[in-house]
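Have a look at the structure below before the remarks.
Protein chains: 2
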Amino acid sequence: MSDTLREWRLAERPHGEPDADCFELRERDVPEPDANELLIRVNYLSVDPYMRGRMRDTESYAEPWAVGDVLKGGIVGEVTKSESDRYDAGDLVTGRGTWGDYSVMDADDVVPVDPTIADLPAYLGVLGMPGRTAYFGLLNVGDPKPGDTVVVSGAAGAVGSVVGQIAKLNGCRVVGFAGTAEKTEWLTEDLGFDAAINYKATDDYGAALAEAAPDGVDVYFDNVGGPITDAVFTKLNLDARVAVCGQIAHYNDEDMPTGPRKLPLLIATRATVEGLLVHDYATRFGEARDRLTTWVADGDIRHRETVVDGLEQAPDAFMGLFSGDNIGKQVVRVSTPSS
Amino acid sequence: MSDTLREWRLAERPHGEPDADCFELRERDVPEPDANELLIRVNYLSVDPYMRGRMRDTESYAEPWAVGDVLKGGIVGEVTKSESDRYDAGDLVTGRGTWGDYSVMDADDVVPVDPTIADLPAYLGVLGMPGRTAYFGLLNVGDPKPGDTVVVSGAAGAVGSVVGQIAKLNGCRVVGFAGTAEKTEWLTEDLGFDAAINYKATDDYGAALAEAAPDGVDVYFDNVGGPITDAVFTKLNLDARVAVCGQIAHYNDEDMPTGPRKLPLLIATRATVEGLLVHDYATRFGEARDRLTTWVADGDIRHRETVVDGLEQAPDAFMGLFSGDNIGKQVVRVSTPSS
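Chains A and B, in that order, are what the protein sequence lines are. Residues in the first sequence are numbered consecutively from 82, following the working numbering. Residues in the second sequence are numbered consecutively from 82, following the working numbering.
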C-alpha cells in the first residue's frame with residue numbers, strides 16, 4: 082500500500098457543460114480508519130448524471146458540493162484496514178465513497194459484494210443505485226400492467242436498460258430511445274426490447290414512436306427530457322403514468338429551458354407525471370437488492386458496463402455521460418482487486 | 082308556449098379566439114318528447130371554458146362538435162311536457178341540455194332542483210359540474226392536509242372559488258390568483274382566502290407568491306396554465322400535488338404553446354402532476370352533491386354567479402370567459418321560471 086492517495090476535488094463550478102478545469106486531482110496521506118470505519122481500496126468508481134446537480138450552487142435534494150470538496154460517488158472496493166468486527170481486510174464491499182484511490186467509510190454504510198453473482202462493476206449498475214432506481218421507479222411510479230406499452234428514454238443507460246427488462250418481466254411491450262445503432266441493437270437483440278428508436282437517426286420522433294408504439298404509451302420512464310419527451314407526451318394514453326427519473330438533456334442548461342407546454346395534454350389523458358428519487362425507497366432497498374440479484378443470477382436481466390481505466394480518467398468518464406459515450410453503466414476502474 | 086324555439090349552432094370552427102361568426106341562432110319547431118323524455122323550458126344555461134375544446138376538430142375526451150351541431154351545455158329549466166312517470170310539468174330539473182329556449186332530455190339524464198336551497202343558477206355552478214370538479218379535483222388529486230398551502234389559479238371562477246373554500250374547510254392556507262381587484266377582494270373578504278394575487282397588477286408572480294405563500298406550495302389547483310403556473314411550479318414543496326383541471330390560457334392557442342420546461346423541477350420535489358376530469362368520478366356524484374348542498378345550505382361555502390340576460394347573449398357570455406368577465410359562475414338567463 083502506498084502512503085499517499087490521489088482524489089478528485091471540485092476545482093470550480095461548471096458553467097454549462099463541465100470541462101477539465103472543474104476537476105483537480107490532489108494527493109494526500111492515506112488516512113487511518115477510526116472506530117467502526119473501514120479503509121477501502123477503491124476498485125471501481127461510479128460516475129452518474131445526477132452528480133451534475135451537486136456541482137451547482139443551489140440547494141436541491143442533496144447539499145451542493147462546495148468548491149474544494151472531494152467528489153463523492155458509489156464505489157466497489159476491498160477493505161484494507163478494518164476497525165469494525167463485521168469486516169476483515171480483503172472483504173469486498175460497496176457503498177458511497179469518494180473519487181479516490183482509497184475511501185474511508187463507516188462500516189454501517191457499506192454492504193458486502195459477492196463476485197460470484199456478478200462482476201464488481203455490476204454492483205455500481207444493475208445491482209447498485211441505478212438498478213434500484215429502475216426497480217422502484219418503474220414498479221412504484223410507472224405501475225406497469227401486462228399488455229401496457231412502456232417507453233424508456235436513455236434506454237441503453239444504466240437505469241433505462243434495467244427499466245426495460247423489468248417491464249418485459251411484467252408482460253409489457255417495451256420501446257426504448259437511444260442514441261446509436263449499437264445501442265438500439267443491444268436493446269432489441271440482447272435485452273428483449275420490442276423496439277428501439279435511434280433518435281440520432283430520425284428527425285421525426287413522433288412518427289418513429291407511432292410505428293414503435295402503435296397502441297400509444299401507458300408508461301413513460303424519462304431519463305432524458307427534451308424533444309424525445311415532447312414527442313412521447315403527445316402519445317400518452319388515458320391514465321398514463323410518467324416517471325420523471327432524470328432530465329440529462331437539461332442538466333447543463335444555465336437558464337431555464339423552454340419547450341412545448343405539456344400540462345394541456347394531461348387533462349384529456351388524465352395522465353400522472355411524478356418525480357422520482359430512489360432514496361425515498363431506502364427502507365425497501367433490501368427487497369430490490371434481492372429481486373435484482375435473483376434476476377441477474379438467473380439471467381432474466383442482462384447488464385453491461387462501460388469501463389474506463391484509471392482514476393485520472395474519472396472526469397472524462399463523467400463528462401462522457403452527457404454525450405452518451407456509455408452503453409449500460411459507466412464506471413472507472415481505479416485498481417484491480419487483489420484476489 | 083311558442084311553437085318555435087331558437088337554438089345556437091356551431092357555424093364554423095374558431096381559429097384562435099372564438100368570435101360571433103362561429104355561432105348561428107336558428108329557429109325550429111318545438112319538438113315533442115318521446116317515451117321517457119321531457120320537454121324542458123330552459124331558464125339558465127351554462128357556458129364553460131371546456132366547450133372551447135369541443136369546437137376543435139380533434140378528438141379529445143369528448144367527441145368534437147360538428148359544424149352545424151346544436152351547442153350543448155348544462156341547463157336548469159322547468160319541465161313543460163313529461164313522458165316520464167318521475168317528472169311532472171312544472172318540475173325544476175338540471176342536466177346537460179342545449180343552448181336553446183327548450184331542450185328535450187331523457188328523464189334519466191336530469192336531476193331535480195330545489196330552489197329553496199339555492200337560486201337556480203347555483204345548480205350550474207357550486208351545485209353543478211364546476212362544484213363537483215372542485216370537490217373531486219381538490220380532495221382526490223390535490224389531497225390537501227391541514228396546514229398545507231393550497232394555491233388556486235382562476236380562483237374567482239366557478240371551480241376555483243369552490244376549491245379554495247373546500248381547502249379552507251380542510252384546514253389549509255389558501256392563496257388565489259385572479260385578474261381584478263374586485264375578484265381578489267371577493268376571495269379574501271367574502272370567501273376566506275388567506276391571500277389573493279391580482280396577476281394583472283404585478284409583473285413578478287414569483288415574488289408575489291413568495292409573500293403570499295411563504296412556506297411554499299403543497300397543492301396547486303390549476304385552471305389557467307401559462308406564466309402563473311410557471312411561477313407556482315418554482316415554489317412547489319417536497320411531494321407537492323398539482324391538479325391540472327383547466328388551462329384556459331391555452332385553449333385558444335392554434336399552435337402548441339411553449340414555455341419553461343417543468344419536468345426538471347419535479348425530480349427534486351418528487352411532485353405529482355395529474356390531469357383531472359370530473360366525469361371520472363361519475364359514480365360518486367351523489368356524495369359530492371350531498372356534501373356541497375350541505376355546505377351551501379349551512380353557509381360554509383359561498384357562491385356567486387354572473388348572469389347575462391337572453392339566449393342571444395350566450396356566445397358573448399362564452400367568449401367573455403376568456404377575458405375573465407365573470408366572477409364566480411357565468412350563466413345565461415334564457416327565461417324566467419314560471420313559479
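The beta carbon of each residue, even a glycine, is placed where N, CA and C say it ideally should be.
Tell whether a beta-carbon distance below 8 Å holds between Leu268 (chain A) and Ala259 (chain A).
Yes, these two residues count as a Cβ contact at 8 Å.
If I follow the unbroken beta strand (DSSP E) through Ala324 (chain B), where does it start and stop?
Where Ala324 (chain B) is concerned, the enclosing beta strand (DSSP E) stretches over Leu317 to Val325.
Quick check on Asp303 (chain B) - is its C-beta less than 8 Å from some C-beta in chain A?
With 8 Å as the cut-off, Asp303 (chain B) counts as an interface residue toward chain A.
My parser needs the beta strand (DSSP E) runs of 3 or more residues fully inside the region 119-177 of chain A; what are they?
Whole beta strand (DSSP E) segments, 3+ residues: 153-163.
Could you say if the region 373-385 of chain B and the region 398-415 of chain B meet the contact criterion of at least three C-beta pairs nearer than 8 Å?
Yes: at least three Cβ pairs fall under 8 Å.
Mind listing which residues of the region 349-366 of chain B have their C-beta closer than 8 Å to chain A's C-betas, in chain order?
So the close ones are Ala349, Thr350, Arg351, Ala352, Thr353, Val354, Glu355, Gly356, Leu357, Leu358 and Asp361.
Please report how far the alpha carbon of Arg322 (chain A) lies from the alpha carbon of Gly181 (chain A), in whole angstroms.
Computed Cα separation, rounded: 40 Å.
Show which residues of chain B have a CB atom less than 7 Å away from the CB atom of Gly340 (chain A).
Simply Thr339 and Arg342.
Are Thr152 (chain A) and Thr175 (chain A) close, meaning C-beta to C-beta below 8 Å?
Sequence check: residue 152 (chain A) is Leu here, not Thr. Contact flag unset, no.
In terms of alpha-carbon separation, which member of B:Met337, B:Arg342 and B:Cys326 lies closest to Ala330 (chain A)?
Checking every option, the nearest Cα to that of Ala330 (chain A) belongs to B:Arg342.
Of the residues B:Val300, B:Val240 and B:Leu392, which one's Cα is nearest the Cα of Thr353 (chain B)?
For the residues B:Val300, B:Val240 and B:Leu392, the minimum Cα distance to Thr353 (chain B) belongs to B:Val300.
Report all residues from its chain with a CB closer than 8 Å to the CB of Gln394 (chain A); omit the five preceding and five following residues, and keep chain order.
Here the set comprises Val413.
Should Leu219 (chain B) and Ala248 (chain B) be called a contact, given that it needs their Cβ atoms to be closer than 8 Å?
In this structure, Ala248 (chain B) lies closer than 8 Å to Leu219 (chain B) by Cβ.
Using only CA atoms, which one of B:Tyr362, B:Cys326, B:Ala199 and B:Gly241 lies nearest to Leu346 (chain A)?
Of B:Tyr362, B:Cys326, B:Ala199 and B:Gly241, the residue nearest in Cα terms is B:Cys326.
I'd like the ranges of any alpha helix (DSSP H) spanning at least 4 consecutive residues and lying wholly in the region 179-226 of chain A.
You should have 210-217.
State yes or no: is the beta carbon of Val300 (chain B) nearer than 8 Å to at least one beta carbon in chain A?
For Val300 (chain B), the answer is no, since every Cβ of chain A falls outside 8 Å of its Cβ.
What's the C-alpha gap between Gly401 (chain A) and Cys103 (chain A)?
Taking the straight line joining both Cα atoms gives about 14 Å.
Note down, in chain order, every chain B residue with its Cβ under 7 Å from the Cβ of Ser141 (chain A).
Going along chain B in sequence order, the residues near Ser141 (chain A) (Cβ under 7 Å) are Ala349.
By alpha-carbon positions, which one of A:Ala378, A:Asp336, A:Asp390 and A:Asn318 ends up nearest to Ser141 (chain B)?
Of the listed residues, the one whose Cα sits closest to Ser141 (chain B) is A:Asn318.
First and last residue of the beta strand (DSSP E) that includes Leu290 (chain A)?
From DSSP, Leu290 (chain A) is part of no beta strand (DSSP E) but of the alpha helix (DSSP H) over Tyr286 to Ala293.
How is Leu106 (chain A) classed by DSSP in three states: helix, strand or coil?
Of the three classes helix, strand and coil, the one that applies to Leu106 (chain A) here is strand, per DSSP.
Given that Thr375 (chain B) touches chain A, what residues does it touch there, using C-beta distances under 8 Å?
Correct list: empty, because the minimum Cβ distance to chain A is about 28 Å.
Write down the C-beta distance between Val243 (chain A) and Leu205 (chain A) rounded to the nearest angstrom, noting that I regard them as a contact closer than 8 Å.
Actually they do not touch by this definition, with Cβ atoms about 13 Å apart.
Between the beta-carbon of Val111 (chain B) and the beta-carbon of Asp84 (chain B), is there less than 8 Å?
Going by C-beta atoms, Val111 (chain B) is nearer than 8 Å to Asp84 (chain B).
What does DSSP give as the partner residue(s) for Trp89 (chain A) in the beta ladder?
Answer is A:Leu106.
Just how far apart, CA to CA, sit Leu344 (chain A) and Glu270 (chain B)?
So the two alpha carbons sit approximately 31 Å from each other.
Check whether chain B comes within 8 Å of Thr310 (chain A), counting only Cβ atoms and requiring the distance to be less than that.
With 8 Å as the cut-off, Thr310 (chain A) counts as an interface residue toward chain B.
Would you say the region 348-366 of chain A touches the region 281-293 of chain A, given that touching needs at least three Cβ pairs under 8 Å?
Because the criterion of three Cβ pairs below 8 Å is not met, the region 348-366 of chain A and the region 281-293 of chain A do not touch.
Which bits of chain B does Gly306 (chain A) rub up against, with CB to CB less than 8 Å?
Under the 8 Å cutoff, chain B gives Arg342, Leu344 and Pro345.
Does the region 185-192 of chain B come close enough to the region 113-120 of chain B to have 3 or more Cβ pairs within less than 8 Å?
Because the criterion of three Cβ pairs below 8 Å is met, the region 185-192 of chain B and the region 113-120 of chain B touch.
Quick one: is Asp379 (chain A) buried, meaning 16 or more other Cβ sit within 10 Å of its Cβ, or exposed?
Label assigned to Asp379 (chain A): exposed.
Does any C-beta atom of chain A lie closer than 8 Å to the C-beta of Met82 (chain B)?
Confidence at Met82 (chain B) is low in this model, with a pLDDT of 47, below 50, so its placement is unreliable and the value that follows should be read with caution. No - not a single Cβ of chain A is within 8 Å of the one on Met82 (chain B).
List the endpoints of the continuous alpha helix (DSSP H) containing Arg370 (chain B).
Per DSSP, Arg370 (chain B) belongs to the alpha helix (DSSP H) from Phe366 to Asp379.
Out of curiosity, what's the CA-to-CA distance linking Asp172 (chain B) and Ile348 (chain A)?
Taking the straight line joining both Cα atoms gives about 35 Å.
With a threshold of 8 Å between beta carbons, is Val325 (chain A) in contact with chain B?
Yes, because at least one Cβ of chain B sits closer than 8 Å to the Cβ of Val325 (chain A).
Determine, for His96 (chain A), whether the minimum Cβ-Cβ distance to residues of chain B falls below 8 Å.
It does not; no Cβ of chain B falls within 8 Å.
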